[in-house]
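Residue numbers (my numbering): 646 to 1285. Reviewing the structure listed below.
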Amino acid sequence: MEKEMIKISFAVNPDYKIEVEKGLTILEIVAQKAPKLYKLILAAKANGKGIGLGDRVEEDSLIQIFTGADEEGLHALRHTASHIMAQAVQRLFPDTKLAIGPAIANGFYYDLDSAHVFTPDDLTAIETEMAKIVEEDIPLVHEILPRDKALELFSGLGAIYKVELINELPEDMPISIYRQGDFIDLCAGPHVSSTGKVKAFKLQSLAGAYWRGDEKNKMLQRIYGTAFAKKTELDAYLKLLEEAAARDHRKLGRELDLFSLQDEGPGFPFFHPHGMVIRNEIEKLWRELHFAFGYDEIKTPVILSRDLWIQSGHWEHYRNNMYFTEIDEAPYAIKPMNCPGCILVYRAHHHSYRELPIRMCEMGLVHRHELSGALHGLMRVRAFTQDDAHIFMLPGQIKDEIKKVIELFDKVYSVYGLKYHAELSTKPEKAMGDDAIWEVATEALREAMEEYGLKYKVNPGDGAFYGPKIDFHLEDSLGRTWQCGTIQLDMQMPEKFDLTYIGEDGQKHRPVMIHRALYGSMERFIGILIEHYAGAFPLWMAPVQVKILPITDRQTEYAQKLKEALFKEKIRVTVDERNEKIGYKIREAQVQKIPYMLVIGDKEMEEGKVAVRKRKEGDLGAQDFANFLTAIKNEIAEKA
RNA sequence: GCUGGCGUAGCUCAACCGGUAGAGCAGCUGACUUGUAAUCAGCAGGUUGGGGGUUCAAGUCCUCUCGCCAGCUCCA
646 MEKEMIKISF AVNPDYKIEV EKGLTILEIV AQKAPKLYKL ILAAKANGKG IGLGDRVEED
706 SLIQIFTGAD EEGLHALRHT ASHIMAQAVQ RLFPDTKLAI GPAIANGFYY DLDSAHVFTP
766 DDLTAIETEM AKIVEEDIPL VHEILPRDKA LELFSGLGAI YKVELINELP EDMPISIYRQ
826 GDFIDLCAGP HVSSTGKVKA FKLQSLAGAY WRGDEKNKML QRIYGTAFAK KTELDAYLKL
886 LEEAAARDHR KLGRELDLFS LQDEGPGFPF FHPHGMVIRN EIEKLWRELH FAFGYDEIKT
946 PVILSRDLWI QSGHWEHYRN NMYFTEIDEA PYAIKPMNCP GCILVYRAHH HSYRELPIRM
1006 CEMGLVHRHE LSGALHGLMR VRAFTQDDAH IFMLPGQIKD EIKKVIELFD KVYSVYGLKY
1066 HAELSTKPEK AMGDDAIWEV ATEALREAME EYGLKYKVNP GDGAFYGPKI DFHLEDSLGR
1126 TWQCGTIQLD MQMPEKFDLT YIGEDGQKHR PVMIHRALYG SMERFIGILI EHYAGAFPLW
1186 MAPVQVKILP ITDRQTEYAQ KLKEALFKEK IRVTVDERNE KIGYKIREAQ VQKIPYMLVI
1246 GDKEMEEGKV AVRKRKEGDL GAQDFANFLT AIKNEIAEKA
């Protein structure tokens, strides 16, 4: 059954204009304007499909939603495109062996094993061959073969990867294959009816990928591509990608002078003055809310004795990611996590059951030796500050405490208007503690989420080595998700460190410990924020909040007076005194995404006014300086 | 770490098949005193990421190394 793909264009698109409130997400707009579609999108989102759903509406960007009724049809189309690509590759490079080639969120890929090393030029040649296959309009034929027949078929073709896959399927299972002309693939489908249906496609990139995702296996060559039902949709998607690249935090970080990465310290970011303003502002918000939620702040050392890490189990389970050093010939380690430090604070004196829960938070700088190839701007670094906290509590307090943590997370994320999804990660292979304890801990997390009403998906085997966890994932500009917040229930550390509290009965008891981080890492979170706001930070966290632009040097003195007045109110303000035309100064302030510009000419100076220009709205005209000051102070306080 | 690609001035990019590095923006200096997204002129800026090699000659070819990018693996 053929279905049409739903496409909606918002914003400045000549053929479809729609008025929306500022700051709404696409989802919110759709919920208002198209309630039926909204339901379909929610369904698509629950399955992890669709793109750009959490994106904010920018003033002049074309934003589209590729989802809805026909998500399945698009999936089939891309899956077929992947087969067409494989067929094209085999025509051009007959010795190529096929591994797997699925449709994915925004396109498709195929993993190939070939003596030939594919180059970007090959991609063009493959695209040309694909176009021929589309032109030939070859029907796709679905067949179900008995297992032995299928094995015989693929062995005959020398398709070793397909044979390996079949051999792992249940013995009595019939095998589903698809044929298009002389091309045969092991495949469950579904597909579109013929290659002619794939009207718009593009091969995007080459990459390596381990066979079956295991680094012990051979590395295959992966070709990524995408396909759409119509050329216009493909073009719109490619345009979207270009726009996303423009908000890459690495690019904006340099342009807005927020941070840098230097060859002298790979993975160790340098925060510049403007980046630090943002960092300090979000830390300030963090402190306010944590104190309101009953946390106490601590700070623990970065270097601690190796014995501590042996006791905590990090030596055994995490050594490969740790940096070591020596002090007076004794072995020490740089902390990769904050828990042991916090535990030492807890253990510094006795605790009564009356004190619990004890919530200790810490902006903890940790170092981890990440693989060089994994480093990525601020998102993946080797030194980062976790906004950590450890909560020690009675076993009976677990559920309520976790609910409270979720509430705090929700509150903070909503200040930034960030969309997130939660995942529950269970016991990994390399884990401490026995199954029963893990079971209890995992259930506690599960119940807390369900009672709070937090939707989540399960990640089997993805927990930390000391306990299960709930992860909060945020999206970057390209829709890649990054784990930020985490709540980990730790039922091993209290044991390892013999943590106790004195109960009502006067006896020692074992507290339960939660390890949690909300931003996850300050670095990663700032990276996410840069992309989320596309560098146009809200007033309250903008590095420079107001820039005063005198038109000539006759206004310099007045400009300085205004600056002093704003500075006194703790507003971040600069004056552009350079001898340049006003258009030039405005342009520069605009490029720097400064929220407010005050244009000062003779007129304003004589009347004690300022001509206010807003980053997004443009010229707002002249107003009394006093009024402006009141308004901006309110806006900052509201964190709007 | 693995596979592939890339590395030229602070930034964005040029330099045919090896012939000895060039532009715009930014910076500095000067002129202009300017009304809502780039005023004009001049100056300065690079051992082409680093080491080694091939060659009469290397930004260009080979090699080692460092870093970056995409993906894999891993993870906040």
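Beta carbons: idealized from backbone N, C-alpha and C, even for Gly.
In DSSP terms, what residue i is bridged to
{"i": "Asp1116", "result": "Glu1068 and Thr1131"}
{"i": "Phe1029", "result": "Val1011"}
{"i": "Phe904", "result": "Phe916"}
{"i": "Cys1006", "result": "Glu942 and Ala1034"}
{"i": "Leu851", "result": "Ile868"}
{"i": "Phe753", "result": "Ala748 and Gly870"}
{"i": "Tyr1154", "result": "The question names Tyr, but residue 1154 is His in the sequence shown. BP columns for His1154 point to Tyr1146."}
{"i": "Phe1182", "result": "In DSSP, Phe1182 forms no bridge with anything."}
Terminal residues of the beta strand (DSSP E) in which residue i lies
{"i": "Phe873", "result": "Met864 to Phe873"}
{"i": "His1160", "result": "Val1157 to Ala1162"}
{"i": "Met1242", "result": "Tyr1241 to Ile1245"}
{"i": "Asp766", "result": "That residue, Asp766, is in no beta strand (DSSP E); its alpha helix (DSSP H) goes Pro765 to Glu781."}
{"i": "Arg1258", "result": "Lys1254 to Lys1259"}
{"i": "Ala833", "result": "Counting along the chain, Ala833 falls outside any beta strand (DSSP E), and DSSP gives it neither H nor E."}
{"i": "Ala975", "result": "Ala975 to Ile979"}
Reference residue i, options the options, closest by Cα
{"i": "Gln1154", "options": "Leu1001, Glu1252 and Arg1232", "result": "As written in the sequence, residue 1154 is His, which differs from the Gln given in the question. The shortest Cα separation from His1154 among Leu1001, Glu1252 and Arg1232 belongs to Leu1001."}
{"i": "Asp782", "options": "Lys1238, Ile729 and Val947", "result": "Ile729"}
{"i": "Pro985", "options": "Gly1022, His959 and Glu888", "result": "His959"}
{"i": "Tyr855", "options": "Arg1004, Tyr755, Leu798 and Arg1258", "result": "Tyr755"}
{"i": "Tyr1111", "options": "Asn1272, Glu961 and Asn1104", "result": "Glu961"}
{"i": "Ala937", "options": "Leu879, Lys884, Lys1049 and Arg892", "result": "Lys1049"}
{"i": "Pro981", "options": "Ser1166, Arg1091 and Ile1003", "result": "Ser1166"}
{"i": "Ile1227", "options": "His996, Tyr940, Glu1214 and Lys1192", "result": "Lys1192"}
{"i": "Glu1092", "options": "Glu926, Thr840, Ile1043 and Gly939", "result": "Ile1043"}
{"i": "Lys847", "options": "Ser839, Pro819, Arg792 and Asp767", "result": "Asp767"}
{"i": "Val990", "options": "Glu974, Tyr998 and Glu1007", "result": "Glu1007"}
{"i": "Phe1142", "options": "Glu878, Arg932, Ala993 and Asn1272", "result": "Ala993"}
{"i": "Glu887", "options": "Gly1098, Gln849 and Glu900", "result": "Gln849"}
{"i": "Ile1047", "options": "Gly1078, Ile1036 and His761", "result": "Ile1036"}
{"i": "Thr970", "options": "Arg964, Arg999 and Ile948", "result": "Ile948"}
{"i": "Ile1147", "options": "His995, Arg824 and Ala891", "result": "His995"}
{"i": "Pro815", "options": "Asp827, Ala744 and Pro791", "result": "Pro791"}
{"i": "Ile1132", "options": "Ile943, Ser1017, Ile1051 and His917", "result": "Ile1051"}
{"i": "Ile771", "options": "Glu797, Ser800, Leu737 and Asp758", "result": "Leu737"}
Segment limits, alpha helix (DSSP H) that includes residue i
{"i": "Ser800", "result": "Arg792 to Gly801"}
{"i": "Thr1219", "result": "First-last for Thr1219: Val1218 to Val1220, but that is the beta strand (DSSP E), not the alpha helix (DSSP H)."}
{"i": "Lys876", "result": "Lys876 to Ala891"}
{"i": "Phe1273", "result": "Phe1270 to Glu1283"}
{"i": "Ser957", "result": "Arg951 to Ser957"}
{"i": "Asp1080", "result": "Asp1080 to Tyr1097"}
{"i": "Arg824", "result": "Not the alpha helix (DSSP H): Arg824 falls in the beta strand (DSSP E), residues Ile820 to Gln825."}
{"i": "Lys1102", "result": "Unbroken run through Lys1102 is the beta strand (DSSP E), Tyr1101 to Asn1104; no alpha helix (DSSP H)."}
{"i": "Ala1234", "result": "Ile1227 to Val1236"}
{"i": "His1177", "result": "Met1167 to His1177"}
Under the three-state DSSP convention, the category residue i falls into
{"i": "Asn965", "result": "helix"}
{"i": "Ala688", "result": "Because Ala688 carries a pLDDT of 40, less than 50, the predicted location of this residue cannot be relied on, and the following value inherits that uncertainty. Helix."}
{"i": "Gln1205", "result": "helix"}
{"i": "Arg932", "result": "helix"}
{"i": "Ile1196", "result": "coil"}
{"i": "Tyr806", "result": "helix"}
{"i": "Val1057", "result": "helix"}
{"i": "Thr970", "result": "strand"}
{"i": "Thr1145", "result": "coil"}
{"i": "Pro985", "result": "helix"}
{"i": "Asp625", "result": "The structure shown does not extend to residue 625, since the chain is modelled only from 646 through 1285, so no value can be given for it."}
{"i": "Phe1212", "result": "helix"}
Cβ shell of residue i (< 6 Å), same chain only, five flanking positions each side left out
{"i": "Gln1128", "result": "Asp1116 and His1118"}
{"i": "Trp1185", "result": "Ile1281 and Lys1284"}
{"i": "Gly1009", "result": "Asn983, Gln1031 and Asp1033"}
{"i": "Gly1130", "result": "Phe1054, Phe1117, Leu1163 and Gly1165"}
{"i": "Phe763", "result": "Leu851 and Gln866"}
{"i": "Val837", "result": "Ala721, Leu722 and Thr725"}
Same chain, Cβ closer than 8 Å to residue i, neighbours up to 5 away in sequence not counted
{"i": "Arg1027", "result": "Pro911, Gly912, Phe913, His1012, Arg1013, His1014, Glu1015 and Leu1020"}
{"i": "Phe915", "result": "Phe904, Ser905, Leu906 and Gln907"}
{"i": "Lys1208", "result": "Ile1193, Val1218, Thr1219 and Val1220"}
Proximal residues to residue i (C-beta, below 7 Å), its chain only, five neighbours per side dropped
{"i": "Asp1269", "result": "Gly1253 and Lys1254"}
{"i": "Ala1086", "result": "Gly1112, Pro1113, Leu1134 and Met1136"}
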